[in-house]
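Numbering (numbering that gives the first Met the number 0), first residue to last: 0 to 469.
Glycine residues also receive a C-beta, built at the ideal position from the N, C-alpha and C atoms.
Computed from a prediction, not measured in an experiment: that's the story for all the values here.
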Amino acid sequence: MIERAFTMTVGGSPVHTAESIEVIDPATEAVLAEAPRATEMDLESAIAAARDAFPGWRSRGLDDRRAAVRAIAVVLRDNRDELAALLTSEQGKPFALARGEIDRAAMWADGVADLEWEERVAEDTEQHRVRVRRVPLGVVGAIVPWNFPVTLAVWKIAPALLTGNTVVLKPSPMTPLTGLRLGELLRDVLPAGVLNVITGGDELGPWMTSHPGFDKIAFTGSSATGKRVMASASEHLTRVTLELGGNDAAVVLPDVDVAEIAPTLYWACFSNSSQYCLATKRLYVHDDVYDDLARALRDYGLSVRIGNGMAEGVQLGPIQNRTQFDKVQGYIEQSREAGHRFVLETPIEEPSGYFIGPVIVDDPPADAPIVTEEPFGPIVPMLRFTDVDAVIDAVNSSPYGLGGSVWSADTEAATAIAERIESGVVWVNEIHALSPQFPMGGRKESGIGRENGIEGLLEYTATQALAVRK
């Protein structure tokens, strides 16, 4: 157990609380640490600190705000190993991947700091001149999930601060430690109140989304929770960006090189133990290569090492929490009871922890829950198809529309299919290539608004038409 006390950051100062929440190590099921449990008064203090800091932060020159966002990247890199060890301990992902997440978050902060936007002149007549400006909203409530707690925090912090807003960050109660530690490290980097970090139980999120003191809520999480966030925020017409669940499909055409593509598709499905909104959750494979790809995925999957993320050479860690573990086990048992065959069922040797070996279900019915729902864990259906139009209809039949991919030796043909997929981002012959330079977000029940790119950056601003009589 980590003995040190973690503190919230409010107005640039450490804050302790009378009550705490236990943080569980998912690889051992032991209590890892305790994190502060914020009260409603703590939330009020954080909002007030952000509100007080807003006028000064908004008034700072853009170059100063760029420098501050880049300073966040420096702090992340300078403390990479400490943050990565915390991340592995509380989230479960292998240490090498945790270090990669810290590096990626630092790269993101630098990339966002490089973004440029301009005001435009809408009218310029003898009578008046109209400029269209983008101005900051005010105080942003950033609510971050447990699957990528550092990356997804920076996705919100960096554009919010760059555009002149102040932030109250709420990490997940399942993975609060890295967010709390980042807040501690940034106290001497950012002006007091510009970034506040508070943690608490399940009650803290609803307190935030219904609070009139926020000008925007930026939320990443499940579609079910996103709907509740939107309903709660509607009371005060608080703006929202919602990056929600997905049931992403990969369409594999018959001309692929099976040996080359199998490892890539395996990780498209199972990276981060499939706890990834953009994970491939449906594999549509042309009948001509279905059996060959099934064998290749099975052989590759049995070579992957699963275990405690702090152990050398581990490639997949545990499910992050007991609730999600039980949910994924339920999908596996449901498929087993329905008589579905398994292409892959990975054995687990760990004596404790929330470990589930990746499972690939062999051509289940199109209406099976494992096809129509999002398990958010390492079980994926593999489905045969022969007709391209029919498979596009199947892909688009989902209520989700976050991501997707198409795989073929014929890039032009694959692109034509990708253009017909109803998702916010679709990849052709690659997967999970993301960047601060282009937007990501969902359609349908996968969310509202965008993160990243100019489109995501401007979600943290309001449009102002400034008309001046000459």
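Item	Value
Which word fits P253, buried or exposed, when buried means at least 16 other C-beta atoms lie within 10 angstroms of its C-beta?	exposed
Suppose the cutoff is 8 Å on Cβ atoms and the five residues either side in sequence are ignored; what does the same chain contact list for A267 look like?	A249, A278, T279, S404, I430, H431
By the three-class DSSP mapping on this structure, what secondary structure does H210 have?	coil
According to DSSP, simplified to helix, strand and coil, what is N395?	helix
Please check the pair A159 and A141, which I expect to be a contact at CB under 8 Å, by giving their CB distance rounded to whole angstroms.	7 Å
Let me confirm a value: T208 is counted as buried when at least 16 other C-beta atoms fall within 10 Å, else exposed. Which label applies?	buried
Quick check: what's the CA-CA separation for E39 versus V327?	34 Å
According to DSSP, is N271 helix, strand or coil?	helix
Should L343 and D362 be called a contact, given that it needs their Cβ atoms to be closer than 7 Å?	no
So M439 is in the alpha helix (DSSP H); what residue range does that whole segment cover?	No alpha helix (DSSP H) contains M439, which DSSP labels as neither H nor E.
Among residues of its own chain, excluding the 5 on either side of L292, which ones have a beta-carbon nearer than 7 Å to its beta-carbon?	V251, V257, A261, V284
Taking the alpha-carbon positions, what's the L315 to W107 distance?	24 Å
Given a threshold of 16 other Cβ atoms within 10 Å of its Cβ, counted over all protein chains shown, does T462 qualify as buried or as exposed?	exposed
Hey, which unbroken runs of the alpha helix (DSSP H) at 4 residues or more fall wholly within the region 149–205?	150–161, 176–184
Would you check if the region 226–236 and the region 406–420 touch, i.e. whether three or more CB-CB distances between them fall below 8 Å?	no
Give the straight-line distance between the Cα atoms of G400 and V129, rounded to the nearest whole angstrom.	38 Å
Check I142 in the structure and name its three-state DSSP category.	strand
Which runs of the beta strand (DSSP E) at least 3 residues long sit entirely within the region 323–361? Give them in chain order.	340–344, 358–361
I need the boundaries of the beta strand (DSSP E) containing V379, first residue and last residue.	378–384
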